[in-house]
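J.: So in my numbering, the last spot in the sequence shown is 546, and the numbers never skip. First the structure, then my questions, so here it is.
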Amino acid sequence: MKIGFLYYKFYPIEGGAAIHGYNLAKELSLLGFKLYKLNGENDPYTIKLNNPFTGFFWMLAKCDLFYARMDYFFKFRNFLVVLALLFRKKMIVELNAPSDELYLYGKTKAYIDRVDWLMARILKRADVVIVVSEPIKQYCSKQLGLENVVVVENGANPFDISSESVSENIIRQLNSIKSNWQKLVVWSGSTNKMQNLDDLIILAKKTKTKAAFLIIAKEEPGEQLQDVNEPNVFIWKGLKRPDVEYIIKESDVGIAIYDDYHWSRWGFYNSSLKTFEYLNNGLITISNKEGTEIQKMNSNFRYARNLDEMLTFIDEKLPATGSVNQYRTWKHVASEISNLIYRPNPA
200 MKIGFLYYKF YPIEGGAAIH GYNLAKELSL LGFKLYKLNG ENDPYTIKLN
250 NPFTGFFWML AKCDLFYARM DYFFKFRNFL VVLALLFRKK MIVELNAPSD
300 ELYLYGKTKA YIDRVDWLMA RILKRADVVI VVSEPIKQYC SKQLGLENVV
350 VVENGANPFD ISSESVSENI IRQLNSIKSN WQKLVVWSGS TNKMQNLDDL
400 IILAKKTKTK AAFLIIAKEE PGEQLQDVNE PNVFIWKGLK RPDVEYIIKE
450 SDVGIAIYDD YHWSRWGFYN SSLKTFEYLN NGLITISNKE GTEIQKMNSN
500 FRYARNLDEM LTFIDEKLPA TGSVNQYRTW KHVASEISNL IYRPNPA
């Protein structure tokens, strides 16, 4: 089956949406689907059509369906989704946030209300709308009036890292840190208003154990990470993906700490990608959000209601190393989406 894959640029992998797009393309390809894309660099699992204009019309003629990730911005990719829907192509749309996220970009309630009105009319034409969490499903059903909404949570794979792919400088730095600190606590993510890096630095200052805090940041425009003058805090910015995976894999504890989402009508709505990556690579995973049922099934998941509870979990003795419980990988994600693709009359 041929799929027109209208997604963010995901190759080379940098983080966030790119991790999602790359792994989804990989696993769908391994299931036998042929994926065609219009943007980004060539990757091992999709076929890039070099001219986005003629390529899109080729997709309309040749592809059996479209899989598209949409957001609330006036981007060419979103316009193509609307155009494909007008041509009555079978369409699966992935939506990873409610429109409330536009508050973080300075938009007003009146603007967001207009966006909701527009998105309701667009997404009602889709065969399936895939969301990553129950709160986003609530947004789609209650605010947009959609019925064709299915939750497909994120996942993560255990990292299979060859030493040749990791930069020698990162290996040297991490070996030096290990020789001076007993425990490695890692945070990896983008520097946006949904994160809470201020509290992470407070944890680093207050911890009673000899723990090094490793911050791997992908800086977003206008959200530069300030230097931190703490002896147990080490910061990397803009690392290549193999270096990121190496640092996470070598760590003992992973932190997923988020802001309070007071601006969201639906509360916290993420399907935390970092949480899945930590868990599926054997880290004790501490979060200030309760986690999904799948995440809570993992014995390494720790929900902390406040900073004191987080410190308690950080300072506790590490469990003996055992097998990693891989509760949800990208293969699971692709399998669920494959079932939706083949479902005759998606709801």
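Just so it is clear, CB atoms sit at the ideal spot from N, CA and C, and this is done for glycine as well.
Would you call the segment 398-416 and the segment 426-433 touching, i.e. three or more CB-CB distances under 8 Å?
T.: Flag = yes, the segment 398-416 and the segment 426-433 touch.
J.: Between T484 and F500, is the Cβ-Cβ spacing less than 7 Å?
T.: Result yes, Cβ atoms of T484 and F500 sit closer than 7 Å.
J.: Between W380 and L399, how many whole angstroms is the CB-CB distance? I'm expecting something under 8 Å.
T.: Actually they do not touch by this definition, with Cβ atoms about 16 Å apart.
J.: Considering only their Cβ atoms, is the gap separating K236 from F204 smaller than 7 Å?
T.: It is a contact, given that the beta carbons lie within the stated cut-off.
J.: Within a Cβ cutoff of 8 Å, which residues of the same chain sit near W465, ignoring the five residues on either side of it in sequence?
T.: P297, D299, P334, I335, Q337 and Y338, listed in sequence order.
J.: Work out the CA separation of D312 and L223 for me, nearest whole Å.
T.: C-alpha separation (whole angstroms): 31 Å.
J.: Could you give the distance in angstroms between the alpha-carbon of A546 and the alpha-carbon of V348?
T.: Residue placement at A546 cannot be trusted, given a pLDDT of 43 that sits under 50; what the coordinates show is reported in the next sentence. Straight-line Cα distance between these residues: approximately 7 Å.
J.: Tell me whether the segment 446-462 and the segment 370-384 touch, counting them as touching only if at least three CB pairs, one residue from each stretch, are closer than 8 Å.
T.: Enough Cβ pairs lie closer than 8 Å, so yes.
J.: Tell me the residue span of the alpha helix (DSSP H) that contains I536.
T.: First-last of the alpha helix (DSSP H) with I536: W529 to Y541.
J.: Rank N295, K288, V443 and G481 by C-alpha distance to the C-alpha of L517 and give the top, closest one.
T.: Closest by alpha carbon: G481.
J.: Let me confirm a value: G214 is counted as buried when at least 16 other C-beta atoms fall within 10 Å, else exposed. Which label applies?
T.: That one is buried.
J.: Given a cut-off of 7 Å on the beta-carbon distance, is the pair N353 and V331 in contact?
T.: Closer than 7 Å, so yes.
J.: What residue does the beta strand (DSSP E) around G453 start on, and which one ends it?
T.: It spans V452 to A455 - the beta strand (DSSP E) in which G453 sits, taken as one unbroken run.
J.: Are the CB atoms of I321 and V281 nearer to each other than 7 Å?
T.: In this structure, V281 lies closer than 7 Å to I321 by Cβ.
J.: Let me confirm a value: Q394 is counted as buried when at least 16 other C-beta atoms fall within 10 Å, else exposed. Which label applies?
T.: When all chains shown are included, Q394 counts as buried.
J.: Can you confirm whether the segment 260-273 touches the segment 238-246 when touching is taken to mean that 3 or more C-beta pairs between the two stretches lie within less than 8 Å?
T.: With the cut-off at 8 Å, the segment 238-246 and the segment 260-273 do not touch.
J.: Specify the secondary structure class of E429 as computed by DSSP and reduced to three states.
T.: E429: coil per DSSP, three-state reduction.
J.: List the DSSP bridge partners of L294.
T.: The partner list for L294 (beta bridge, DSSP) reads M269 and V330.
J.: Would DSSP call T516 helix, strand or coil?
T.: Here residue 516 is Lys; the residue named in the question, Thr, does not match the sequence. Of the three classes helix, strand and coil, the one that applies to K516 here is coil, per DSSP.
J.: Out of K306, G388 and R440, which has the shortest C-alpha to C-alpha gap to F358?
T.: If we check each option's Cα against that of F358, R440 comes out closest.
J.: Throw me the rounded Cβ distance for the G490 and K473 pair, which I believe falls under 8 Å.
T.: In fact, because the Cβ distance is near 12 Å, the residues do not count as touching under 8 Å.
J.: Any idea if D397 is buried or exposed, counting beta-carbon neighbours within 10 angstroms, 16 or more meaning buried?
T.: Exposed: under 16 other Cβ atoms inside 10 Å.
J.: What residues in its chain sit with their C-beta under 6 Å from that of R276, if we drop five residues either side in the sequence?
T.: If we look at R276 and ignore the five residues flanking it on each side, its Cβ neighbours are L205.
J.: Does DSSP classify E378 as helix, strand or coil?
T.: The question names Glu, yet the displayed sequence has Ser at residue 378. Helix.
J.: Ordered along the chain, which non-local residues of its own chain (more than five positions away) have a Cβ less than 6 Å from that of E535?
T.: Counting only Cβ-Cβ distances below 6 Å, and skipping sequence neighbours, we find V351.
J.: So, with DSSP's three-state summary, where would you put K247?
T.: In this structure, K247 counts as strand in the three-state DSSP scheme.
J.: Once DSSP output is grouped into helix, strand and coil, what is the label at Y460?
T.: Y460: coil per DSSP, three-state reduction.
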